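S.K.: One structure follows; several queries about it will come next.
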Amino acid sequence: MSLLLRAHLRYLGRERAQVALAVLGIAVGVAVVVAVDLVNASSREAMRIASERLGGTATHWVTGPGDRIPEGRYAELRRAWRAGEGHLAEAERIVPVVEGTVILPPEPAAAPGPPPTLTILGVDPLADAAVRALTPELGDGDGAGRLLAEPWSVLLDAQTARRLGVEPGERLEVTAAGRSRALLVLDTVPAGDAVLGSGFAVADLATAQELLGLVGWLSRIDVVLPEGGRGPEGLRLLERLFPGLVVRSAQTRARDLGAGLRLVDRAERETDLRALSASFQLNLAALGLLALAVGLFLIHGTLTYSVRRRLRDFGRLRALGVTPAELRGGILAEAAVLALAGTALGLVGGRVLAGGLLELVSATLEGLYERVAVGALAPDPVPWLKGAAVGVVGSLAVAWPAARAAAAAPPGLLQRAEAGEGSPRRRAAAVAGLLALAGVALLPGTGYGGALLAIGAVLLAAALLTGPAVAGLLGAVARATGSLPLGTRLVVREAVRGLGRSGVAVAALVVAVATAVGMGIMVESFRGSVERWLTARLEAPLYLRLPVGAEGADAVRAVLEERSVAGWIERRSFDDTLDGRPVRVSLFRAHGTVPEDRGLVPVEGGAVDPEAGAWLSEPLARALDLGAGDALPLLPGARSPPVAGRYREYGGGRGSLVLPLDAWPDPPPGMASFELFPEGDPEPLARALRAAAPAAELRRNEELLALSLSIFDRTFRVTGVLQTLAGVVAAVGLFGALSALALDRRARFGMLRTLGVGRAAPARQALAEAGLLALAAAVLALPLGVAVAWILVEFVNVRAFGWSLDFAFPPGLFAQAVLVALAAGLGAAAVPAWRLWRARPAELLADARALA
Amino acid sequence: MPVRWPDARRLRRVAGAVAVLVAVGAGAAQEGVRPGLDVGTVLGGDGEGGFERAVAPRDFVFPEDHGPHPSFRSEWWYLTAHLRDDAGRPFGVQFTLFRQALVPPAQRAGGEGAPEPASAWRTGQVWMAHVALGAPESGHQAAQRFSRGALGLAGVQAAPFAAWLEDWRLATTAEVGPFPLELELAVDEAEPPFTVRLRLEAEKAPVPQGENGLSRKSAREGNASHYYSYTRIAASGEIVRDGASRPVSGLAWLDREWSTSALDPGQEGWDWFALHLDDGRDLMLYRIRRGDGSVDPASAGTLVGADGSVRPLGPADWSLEPERYWNDGAGGRWPVAWRLAIPAAGVDGRVTAVRDDALNRLAVRYWEGMVCLEGTASGCGFLELTGYGDAAGRVSPD
Amino acid sequence: MSAGEATGAQPLLRARGLVRRFRQGGAEIDVLRGLDLELRPGERLALTGRSGSGKSTLLNLLAGLDAPDAGEIRWHVDGRDFVLGELDEDGRTRFRRRHLGFVFQFFNLVPTLTALENVAFLAELNGLPDGEARARELLVRLGLEHRLEAWPATLSGGEQQRVAIARALVHRPAVILADEPTGNLDRATGDAVFAALLEAAAERGAALVLVTHDPVLAEAVDRRVELGRS
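Residue numbers (our numbering), protein chains in the order written: chain C, 1 to 852; chain U, 1001 to 1398; chain E, 2001 to 2230.
Here it is in structure tokens:
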């Protein structure tokens, strides 16, 4: 190693405190990034496993209009496929599926809520094992043979079997299609960690059809198309690197297979499952990157400062014949050491942090999707590689300006170098302005990715502007304190002067607080909108559902009329496609007195009257670019009334469409449901309905509302944790900056103490300065946070998920932000202040002599 | 003699199920099938209750007996053809459709309270098809499919005769049939995919095997099948592979057999020969090997004269010695060259595999390939070997 | 200033038996070993000695910036005795603030205060009502009337030291402690600044303790104590 390099590295050895802080900053940043990615990868993996468990390797589904298709169509498709003909000639597999739910007997200590259900997955074991791992193969412990041979036989998921205390060979009583059935549990299938909540049972197609009242019908046909059908490779890599970034494949359209059958991307059909988790992962990933950015700020600050402090040394070295390039290399080498140490530490820390986050996240996902549980970290190398790359490359990148500054040191012996303080750079303002402009320019016309970039640009611009802006703010404070004693003025002036050192840390704090404010507003807006939506959806005290294939709608109607129920809404719902896009169609009719909003929250205000025309869910309307008065695309079999309006929908990516019941004279098969508004206690009515329509699933809605909102809150708890982490990194940065400032000022404080300034003054200076900086940061962060929230609410959400949110400010958010900033600032200043307070004046002076 | 018994351990347990559904060995992971399948035991016990058994000679009634016999547990339509292209290069083609009942027809209904009509999928039986091609320029290729008889996806009908599983199909072009037959096999799952198209015309009337169609497989009453054969069928058509169509022609053999229970414990495997002699005679003989190395006395054969006359053969009528073995790389040694002498028929010569690797590595692992006889009589045909599988497959029954 | 005037009066400073040790890499170094020192009001004393002889350490002890390991420092100002060892940190600070003036070699001025403010700052610390006027007057006397609002960074070395001298005197201290006040200046400027210091101190009757390497400066004062000779 060259002596020059050795000198550089020894410098790091001498500046242990600063080095430690920089390393810590980068480590926390990398750790958060890695942890978030690991957790995201794990939750994605868990979602994939959960989805693959029941969905298998199928890439596409064949569905019909409505929720079931005649089984003969399967035979036709399969024969054509074998003959290498038709739309599915390319497919690797084609297998039939009958799916439905049966009701489990109530558990002794059951919590109130909807009755527990069991998903029945009816498959043809002879064909299905190649698609679904849980389907037994012939010869596989005789499971397949017995499923085929034994009526009412099922393989029960092990977890449900354990919960219900059912052993293989025993019978399980369920209510299916309104009848009581005794299922024979042949064996259990491993539920795996990925399966929770509503259990499932695998049955032979014949059993499933007979059980669910679907003889002659299939729910769908699962199709495995070759890899190529699933979107470009690059897109998927991008998705792995930036989890949640690619939410939807580029507008996959359903393929028409003729006679009403359509081939739809399974992912598209599962967007319900995906959209929310994508939004969730996006939040996490963004926060992870933010924490890293704050960490990089620290490295940048530390190196810049250390270079400024050493300019005189560099000048001497230049005079001795060291080239600028060598100096630059030396600083980059220092940065590399910091980066490697920080990154290594960060990777380890990320693993630890991920373990903690995982619990939060899996609680969230379990809440969101009953079949998903994130049990363990997925062994995915990408998060590690990405964390390492981002940490090292990012550090070197932010070290570049400092390296250049070192190289630019004028050769010679500078007379005096009072280290490290200078005015914030002016060029930053210009760059920031450009960035902000670019950010705003990104807003119109780009996807939600553009909107996210815009947020990044705005935040970066704000970070660059923080120095000048804080200087301006403090300047104003200085002017306002012009008539106060010099001692007070001194505090403000020192704070301004220290910005060269502390500015970067303050910028980090601004970004962290602004993000917290922005996310806070977004989450609050989201929550408010979802709550309004859910409240409307769950307005009916009693909800009744008749599964596909179940009889009883007439019986229900008879009960309702006989008991003169005050009002009810009847729906028939089924899947269809509109303009090639999978949609859920609801045929709607209101009877008697029902709430004015009819369970739907309009986007534009006013009342919703589904009997006046077609109402589209907001995501669907946005995807199709349809608004009130537009003509509805053709729906075969339906009178298509013009679009009457749009209503809010936060359920997922798949759109829904509400039509008047009489708009579809002979609708495809689907599910019937009733929202009931009885006067008084709904229980007697519930009893009567249960008796009249045994197949019906009845649900009391109030419990569901509370449950849904608690799930929502749990979902965003993890974002709170990450925001706090970003804040902690910012506080660490501030601590580093303030410590360095205190160090720089020891000499001056020594002088002041000598002159007779009290021992509390330096400490007061440190605390007051930190408080001022924190306040300034908060003042800047609040409008910035609102801007971030605005982009999140008005652009990102609308573009990514097609839903709009009502802007809402969480009560006390601003006060909270100010308090957080102050806490960070004062917390960061506490140690330096205490050290200054404790030091003897002579020690402070000794530093001055040493520096001279 | 196409009751195929891959291994004694399974045989004992399954006793009577279609042996092909009772597999050893490592079949390729195909749709829905894992090697080592043992459907026969699904009902527990001997599982034969409710099924009819072959106990007496049978006067076959056609065309009905060309169709399925669901009161028996197992049944197959077994076609083998040895063909040559214009250059005289040999091609072996096998198509077999198996029917295996999981429950007797009387128990085929759904569970208690099941709706009427029951699901079309509640057939209580499974169809399995095997296709194999031995072509000169590549390795032996084999594929299998499974299906239920639901929605017309698989099945056999007596008249007009048709046997199919999805788009693999053997069907008559006549009003009743079964001949002339057309065989169409498009095997996309093979690598490379191939298609076989053959037109088949019987040159002799069907021959009842054993005692007037009762083919005993052991000394035990009821361990027998009903069995008849079309021993000599003229075949011509094409084999398409790699985009090239090759005209071929030759002779084929169709076996029809159904049973509920056939073999005894202790019977280990099976060597089955079906040869078309150049002089117009057709020779079938099977040798059942016992676990102790002896030949089971139930081994038997038939010599069909050029005029259609039938002469039964017993183990005392022939001498049969393996001369060369082929190692399948998985522990199995398969005798692919034999010394065969049937003094009474004037046959003395060597039966040698045209290609050694004719091993069907399917759910069932067995050797089924084209052979030719040279000696005092000559001709070509098919040899089927079972029970020579890997070491595990030969573990003696416990 | 004659020696006779001071003879009968109580000394301004009486230091007895000052010991100060420092730990350096495990070894103990006695920088001062039982030093005695007296200073009369108005007396000008030069402390000289090699580097490491304890000049600055002694200055720190006299100012109460550091505490001796043994010995006593007794100041007598305005008819009161101040025994530094008996005062607490705040007491020492107040004593310094009121009765001592300082001129350093480096880091003399607060960079965020103007020349005038730097001087007025000490008046403000001492709660003097007309601090700014006094500061202005002093600076004008020191020839800096045109630099009153200048920031320290824009002042020349000589100007900076003049501001420091003004600050050291603005609250009329009994003594000025000066640590190499001209060490950073060229000869001519240094001499001018030193002359200004002597003159201003004399004008206000302040005693002077001067730490210096410079034999010329050491000769120019009333008495010279060389440290580290023993």
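Glycine residues also receive a C-beta, built at the ideal position from the N, C-alpha and C atoms. Model, not experiment: these values are computed from the prediction.
Using alpha carbons as the reference points, say which of C/314, C/398, C/285 lies closest to residue 336 of chain C.
M.R.: Among C/314, C/398, C/285, the Cα nearest to that of residue 336 of chain C is on C/398.
S.K.: Please classify residue 1258 of chain U as buried or exposed, where buried requires at least 16 other C-beta atoms within 10 Å of its C-beta.
M.R.: It is buried - the Cβ of residue 1258 of chain U has at least 16 other Cβ atoms within 10 Å.
S.K.: Assign residue 458 of chain C to one of three DSSP states: helix, strand, or coil.
M.R.: Correct three-state label for residue 458 of chain C: helix.
S.K.: With distance defined between alpha-carbon atoms, name the residue in E/2067, E/2073, E/2111, E/2168 nearest to residue 2139 of chain E.
M.R.: The shortest Cα separation from residue 2139 of chain E among E/2067, E/2073, E/2111, E/2168 belongs to E/2168.
S.K.: Taking all protein chains shown into account, do 16 or more other C-beta atoms lie within 10 angstroms of the C-beta of residue 1209 of chain U, making it buried, or fewer, making it exposed?
M.R.: That one is buried.
S.K.: Can you name the residues of chain C whose CB is closer than 8 Å to the CB of residue 1151 of chain U?
M.R.: In chain order: 71, 72, 74, 75.
S.K.: With 16 other CB atoms within 10 Å as the buried threshold, where does residue 501 of chain C fall?
M.R.: Residue 501 of chain C is buried by the Cβ-count criterion.
S.K.: Ignore the nearest five residues each way along the sequence and tell me which others in residue 669 of chain C's own chain have a CB closer than 7 Å to its CB.
M.R.: Counting only Cβ-Cβ distances below 7 Å, and skipping sequence neighbours, we find 66, 67, 68, 548, 574.
S.K.: Relative to the alpha-carbon of residue 2093 of chain E, which residue among C/814, C/796, C/751 has its alpha-carbon at the smallest distance?
M.R.: Answer by Cα proximity: C/751.
S.K.: Using only the alpha-carbon positions, how far apart do residue 1283 of chain U and residue 1093 of chain U sit?
M.R.: Cα to Cα, residue 1283 of chain U sits roughly 19 Å from residue 1093 of chain U.
S.K.: Can you list, in chain order, the residues of its chain with a C-beta nearer than 6 Å to that of residue 507 of chain C? Leave out the 5 residues immediately preceding and following it.
M.R.: Hits under 6 Å: 463, 466.
S.K.: Listed from N- to C-terminal order along the chain, which residues in the stretch 1156-1188 of chain U have their beta-carbon within a distance smaller than 9 Å of any beta-carbon of chain C?
M.R.: Listed in sequence order: 1166, 1167, 1168, 1186, 1188.
S.K.: Just verifying my parser: in three-state terms, what is the DSSP assignment at residue 264 of chain C?
M.R.: The answer is strand: DSSP assigns residue 264 of chain C an E or B state.
S.K.: If we cut at 7 Å on Cβ distances, does residue 2066 of chain E have a partner in chain C?
M.R.: Output row for residue 2066 of chain E: interface = yes.
S.K.: Taking C-beta to C-beta, are residue 2021 of chain E and residue 2088 of chain E nearer than 7 Å?
M.R.: It is not a contact, given that the beta carbons lie outside the stated cut-off.
S.K.: From residue 422 of chain C to residue 322 of chain C, what distance separates their C-alpha atoms?
M.R.: Any answer about residue 422 of chain C is weak, because its pLDDT of 44 lies below 50 and its placement is not dependable; what the coordinates show is given next. Cα to Cα, the separation comes out at about 26 Å.
S.K.: As an exercise, report each continuous alpha helix (DSSP H) stretch of at least 4 residues that is fully enclosed by the stretch 1160-1212 of chain U, in chain order.
M.R.: You should have found no qualifying run.
S.K.: Could you compute how far the alpha carbon of residue 1289 of chain U sits from the alpha carbon of residue 1219 of chain U?
M.R.: C-alpha separation (whole angstroms): 14 Å.
S.K.: Can you look up residue 702 of chain C in the DSSP assignment and give me helix, strand or coil?
M.R.: In this structure, residue 702 of chain C counts as helix in the three-state DSSP scheme.
S.K.: Output needed for residue 1103 of chain U: all residues of its chain with C-beta closer than 6 Å, excluding positions within five of it in sequence on either side, in chain order.
M.R.: Excluding sequence neighbours, residue 1103 of chain U sits near 1124.
S.K.: Taking the beta carbon of residue 1130 of chain U as the centre, do at least 16 other beta carbons fall within 10 Å, making it buried, or is it exposed?
M.R.: Buried is the call here.
S.K.: Would you list the one or two residues that DSSP bridges to residue 1092 of chain U?
M.R.: Per DSSP, U/1082, U/1134.
S.K.: Assuming the contact rule is C-beta atoms closer than 8 Å, residue 2147 of chain E and residue 2159 of chain E should be a hit. Round their C-beta distance to whole Å, please.
M.R.: Right, their Cβ atoms sit about 6 Å apart.
S.K.: Check residue 858 of chain C in the structure and name its three-state DSSP category.
M.R.: The structure shown has nothing for residue 858 of chain C, since chain C only spans 1 to 852.
S.K.: On the DSSP letters alone, give me the boundaries of the alpha helix (DSSP H) that residue 74 of chain C sits inside.
M.R.: It spans 71-82 - the alpha helix (DSSP H) in which residue 74 of chain C sits, taken as one unbroken run.
S.K.: I'd like to know whether the C-beta of residue 1121 of chain U is nearer than 7 Å to at least one C-beta of chain C.
M.R.: Closer than 7 Å: yes.
S.K.: Over the uninterrupted alpha helix (DSSP H) stretch that includes residue 807 of chain C, give me the two end residues.
M.R.: No alpha helix (DSSP H) contains residue 807 of chain C, which DSSP labels as neither H nor E.
S.K.: CB-CB under 6 Å to residue 1161 of chain U, same chain, minus the five flanking residues each way: which ones, in chain order?
M.R.: The residues are 1066, 1172, 1177, 1178.
S.K.: Helix, strand or coil for residue 2220 of chain E per DSSP?
M.R.: In this structure, residue 2220 of chain E counts as coil in the three-state DSSP scheme.
S.K.: Helix, strand or coil: which one does DSSP assign to residue 313 of chain C?
M.R.: Helix.
S.K.: Can you find at least 3 beta carbon pairs, one from the stretch 291-300 of chain C and one from the stretch 30-47 of chain C, that sit closer than 8 Å?
M.R.: Yes, since at least three Cβ pairs between the stretch 291-300 of chain C and the stretch 30-47 of chain C fall closer than 8 Å, the two stretches touch.
S.K.: For residue 2063 of chain E, which residues in chain C fall below 9 Å Cβ to Cβ?
M.R.: Within 9 Å Cβ-Cβ: 754, 841, 842.
S.K.: Just verifying my parser: in three-state terms, what is the DSSP assignment at residue 219 of chain C?
M.R.: Reduced to three states, the DSSP call for residue 219 of chain C is coil.
S.K.: Buried or exposed for residue 152 of chain C, going by 16 or more other Cβ atoms inside 10 Å?
M.R.: Buried, by the Cβ-count rule.
S.K.: Mind listing the chain D neighbours of residue 757 of chain C? Cutoff is C-beta to C-beta under 8 Å, in chain order.
M.R.: Judged by its chain identifiers, the structure shown contains no chain D, and its protein chains are C, U and E.
S.K.: Could one say the Cβ of residue 464 of chain C lies closer than 7 Å to chain E's Cβ atoms, at least one of them?
M.R.: Residue 464 of chain C does not count as touching chain E.
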